[in-house]
Amino acid sequence: MTDEEIRALVMAGMPGADVVVGGDGYHIDLTVVSDAFEGLNRVKRQQLVYGVLADVIRSGALHAVNIRALTAAESRATD
67 MTDEEIRALV MAGMPGADVV VGGDGYHIDL TVVSDAFEGL NRVKRQQLVY
117 GVLADVIRSG ALHAVNIRAL TAAESRATD
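Numbering-wise (the working numbering), the sequence shown opens with residue 67 and increments by one.
Quick look at the structure:
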């Protein structure tokens with residue numbers, strides 16, 4: 067899968083999210099910024115993103131995903 071395909075998939079599953087994809091096509095670094103993460107711990111945030119990617123992970127199109135999931139406020143604080 068291309069970075070743009072992954073980005074589009076996450077954005078379709080999490081409308082309004084800002085998504086940055088990096089990596090080599092098999093090992094993906096994914097940064098997702100969404101207020102949907104507000105009040106969720108790190109594990110719940112990652113589960114939300116993995117839920118969007120579940121089919122492509124199961125199919126083998128993605129092999130490893132590193133997820134950084136932030137609220138908009140957290141993203142601004144790290145910039």
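Just so it is clear, CB atoms sit at the ideal spot from N, CA and C, and this is done for glycine as well.
- Less than 7 Å divides the Cβ of Ala127 from the Cβ of Met67.
- The beta-bridge partner set that DSSP reports for Val122 is empty.
- Using a 10 angstroms sphere on the CB of Gln113, the tally of other CB atoms stays under 16, which defines it as exposed.
- Secondary structure of Ala127 (DSSP, three-state): coil.
- Around the beta carbon of Val98, 16 or more other beta carbons lie within 10 angstroms, which makes this residue buried.
- Here Val76 is not near Val86, since their CB atoms are 7 Å or more apart.
- Put simply, the backbone Cα of His129 is about 13 Å away from that of Leu96.
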